[in-house]
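So the mapping is simple: our numbering equals the position in the sequence shown, first residue as 1, plus 117.
Every residue, glycine too, gets a C-beta built ideally from N, C-alpha and C.
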Amino acid sequence: MKPDRLIVIPLVVAGLNLAALAVLLPRSTVTLDPVIVRSFGVLEAFVLALYLFSRFIVYRARDDQSRLGRAFVVVFNVAMRAALYLAIMVPVAVPAVVLSYLAAAAGVSLVDADLSALDAALAFDWLGFLALTNETAFAPSVLQFAYQSLNWQLAVVPIILIATSQTRCLLELAALIGLTVTLTVAISAVVPVIGPYGYYHPAPALFDAYSNVAGSSHLADFNALRSGEPFLLKRNAGIVSFPSFHTILAVLLAFALRATPYVRGPAIVLNSLLIVGAVPFGGHYLVDTLAGGAIAALSIYFVCFFRVGTARQAGLPSRAT
């Protein structure tokens with residue numbers, strides 16, 4: 118597996134986020150659970166060791182034409198791609214999550230009234246849409262399933278890319294996630310939003326067909342952070358509402374599978390439903406999803422431009438895989 122300059126983007130992002138964390142965390146009311154720090158430190162060390170070991174095995178077996186030798190090359194190439202992806206994503210994702218909590222703890226004035234007004238300017242009635250989907254047969258279960266599918270898509274999509282040897286698409290996905298998560302956290306710091314469930318306080322009858330935690334699972338952490346009291350971070354409740362990171366990831370995951378037959382069509386359908394479900398079940402304003410879509414599109418353009426530009430400079434092909 119040859120090095121790809123796409124790796125520069127997530128590594129730079131990870132470095133910037135870690136630097137920001139080192140400066141801001143000691144000055145905040147947020148404290149990290151030591152178990153989390155140790156767990157992710159051990160995970161990062163393990164995947165780096167797996168990457169180096171797999172790379173060594175592939176190098177040693179490169180000229181072995183026996184059946185066992187070829188099998189070793191295939192298996193450890195897969196392990197190497199998986200380890201590389203995880204080694205990149207851990208230092209990208211973990212600092213970004215912590216920074217999102219620091220952003221919420223900053224106590225900047227909420228802008229829910231402005232986003233609600235923007236929805237109204239677009240002739241969108243959030244409460245009306247919530248009630249409509251709640252009363253439509255199968256809509257709540259379909260939209261809830263699609264929205265929650267992000268949890269397993271984040272594992273399945275990289276596995277598909279690894280299994281089909283789409284290394285460049287895999288690194289492209291890592292670069293896109295690194296770039297967009299950083300933009301999302303930065304925007305949330307200056308445009309903090311509690312979300313429509315916290316702003317409108319809809320009557321339970323308007324969403325009783327959905328899970329009882331629809332759009333409100335982040336409220337306990339969000340309100341505790343804004344109270345100014347010391348906060349021990351033990352888990353990620355996904356406290357960013359604007360822009361919608363679920364929407365961003367839905368676009369990125371579908372885009373990552375664009376060159377993969379048989380699954381790209383279902384991926385587009387599933388992630389389109391995910392974006393729709395982000396409004397009633399995920400607890401997002403319409404403008405949250407529009408902003409998320411715009412960030413995803415601009416980031417894809419930037420990463421593709423970077424990939425093509427650096428490939429031309431290096432005299433390499435700029436194809437997707």
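Classification of residue i by the beta-carbon crowding that lies within 10 angstroms, buried from 16 upward
i: residue 279; result: buried
i: residue 193; result: buried
i: residue 182; result: exposed
i: residue 326; result: buried
i: residue 378; result: exposed
i: residue 171; result: buried
i: residue 158; result: exposed
i: residue 132; result: exposed
i: residue 318; result: exposed
Under the three-state DSSP convention, the category residue i falls into
i: residue 250; result: helix
i: residue 136; result: helix
i: residue 377; result: coil
i: residue 147; result: strand
i: residue 241; result: coil
i: residue 229; result: helix
i: residue 409; result: helix
i: residue 320; result: coil
i: residue 431; result: Unreliable placement is indicated for residue 431, whose pLDDT of 49 sits below 50; the coordinate value is still reported in the next sentence. Residue 431 falls in the helix class under three-state DSSP.
i: residue 402; result: coil
i: residue 208; result: helix
i: residue 224; result: coil
i: residue 118; result: At residue 118 the pLDDT is 49, less than 50, meaning the model places this residue with poor confidence; the figure from the coordinates comes in the next sentence. Reduced to three states, the DSSP call for residue 118 is coil.
i: residue 157; result: helix
Distance CB(residue i)-CB(residue j) smaller than 8 Å
i: residue 216; j: residue 293; result: no
i: residue 146; j: residue 222; result: yes
i: residue 160; j: residue 290; result: no
i: residue 219; j: residue 149; result: no
i: residue 200; j: residue 259; result: no
i: residue 400; j: residue 333; result: yes
i: residue 409; j: residue 224; result: no
i: residue 205; j: residue 124; result: yes
i: residue 423; j: residue 126; result: yes
i: residue 190; j: residue 198; result: no
i: residue 241; j: residue 390; result: no
i: residue 277; j: residue 387; result: no
i: residue 417; j: residue 300; result: no
Closest by C-alpha distance to residue i, when choosing among the options
i: residue 384; options: 218, 269, 129, 346; result: 269
i: residue 372; options: 398, 348, 312, 415; result: 415
i: residue 320; options: 251, 406, 162; result: 251
i: residue 263; options: 213, 398, 413; result: 398
i: residue 228; options: 339, 359, 196; result: 359
Residue i beta carbon near the ligand FMN (any heavy atom closer than 7 Å)
i: residue 370; result: Looking for the ligand FMN in the displayed structure turns up nothing, as the structure carries no ligands at all.
Mind listing, in chain order, the continuous alpha helix (DSSP H) runs of no fewer than 4 residues lying wholly within the stretch 253 to 298?
256 to 265, 267 to 280
For the stretch 324 to 393, list the alpha helix (DSSP H) runs that are entirely contained and at least 4 residues long, ordered along the chain.
336 to 343, 362 to 373
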